[in-house]
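Under the working numbering, the first residue of the sequence shown carries the number 188, and numbering increases by one thereafter.
Cβ coordinates follow ideal geometry from the N, Cα and C atoms, glycine included.
Note that this is a predicted model, so its numbers are computed, not measured.
Data block below; observations after.
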Amino acid sequence: EVEFPDGSVLWLDYGTRVEFPGIGSPAGEARDDTVLRLRSGTLEMDYRGEGGGSGQDPRVDTPEASVYLLGRGRFRVESDRGVTTLISLRGVAELAGDDGSVLVRSGQRSEVERGEAPDAARAINTLRLDDFDQWCEERQAGYLSDGDGEDREYTQAVPVPVRHYV
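So this is what it looks like as structure tokens:
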């Protein structure tokens with residue numbers, strides 16, 4: 188599990204190999220965007236950044252493709268045996284292969300092989316969870332506050348770079 192300065196959370200499945208060549212700053216001080224290199228395995232990200240096409244949205248590169256997160260949402264990316272799979276649990280992301288790209292919206296998935304165009308996005312059952320998804324759900328529940336409106340108001344008053352620590 189990795190937490191980024193903007194409050195986004197990244198979960199890595201067992202045996203996943205990932206590199207972090209660039210970590211963006213939530214205040215925009217850093218020139219680099221957040222870039223992850225998923226060499227193999229599975230990751231899930233709850234992206235909480237500002238998004239909205241600001242040019243600071245994260246990118247996940249795999250040997251087969253690049254995944255561009257196009258705003259807030261929750262996404263799963265897998266790289267296994269020459270195939271990259273993108274699942275959007277919530278939000279919109281672009282899966283770009285060597286021969287084209289496709290938008291993947293909430294409740295959809297697409298996959299691409301090296302040197303090919305991604306498959307058309309298709310609907311999936313997002314409630315069908317494997318062990319890794321269940322673990323991510325449990326971890327995310329630990330971050331959610333069950334407090335009343337007063338707690339939320341207090342949290343909003345805290346500066347963005349440290350808000351997620353509240």
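Straight-line CA distance for residue i to residue j?
i	j	result
Ala217	Tyr201	Low local confidence applies: a pLDDT of 49 at Ala217 is under 50, so the model's placement there is unreliable, and no value is given.
Gly209	Trp198	17 Å
Leu225	Leu256	14 Å
Phe262	Arg301	21 Å
Thr272	Glu188	20 Å
Val222	Thr249	11 Å
Leu314	Phe191	26 Å
Gly236	Ser195	7 Å
Phe319	Gln343	31 Å
Asp317	Gln327	15 Å
Val254	Val289	10 Å
Ile311	Ala280	15 Å
Ser297	Ala252	12 Å
So residue i packs on residue j, CB below 8 Å; how close in whole Å?
i	j	result
Gln295	Ser275	6 Å
Ala304	Gly278	Going by Cβ atoms, the distance from Ala304 to Gly278 rounds to 22 Å, so no, they are not a contact pair.
Ser227	Arg204	5 Å
Closer than 7 Å to a non-hydrogen atom of the ligand ADP - does that hold for the CB of residue i?
i	result
Arg277	Here there are no bound small molecules, and the ligand ADP is not part of this structure.
Consult DSSP for residue i and reduce its assignment to one of helix, strand or coil.
i	result
Ala252	coil
Phe319	helix
Glu231	strand
Ala307	coil
Gly287	strand
Glu324	helix
Gln343	helix
Gly329	helix
Quick check on the DSSP output: the beta strand (DSSP E) that includes residue i runs from which residue to which?
i	result
Asp267	260–267
Gly202	That residue, Gly202, is in no beta strand (DSSP E); it is neither H nor E in DSSP.
Thr221	Counting along the chain, Thr221 falls outside any beta strand (DSSP E), and DSSP gives it neither H nor E.
Glu300	295–300
Thr272	270–277
Requested in this report: Assess, as a yes-or-no matter, whether the stretch 316–328 is touched by the stretch 220–238 under the definition of 3 or more beta carbon pairs within less than 8 Å.
Outcome: Segments in contact, yes.
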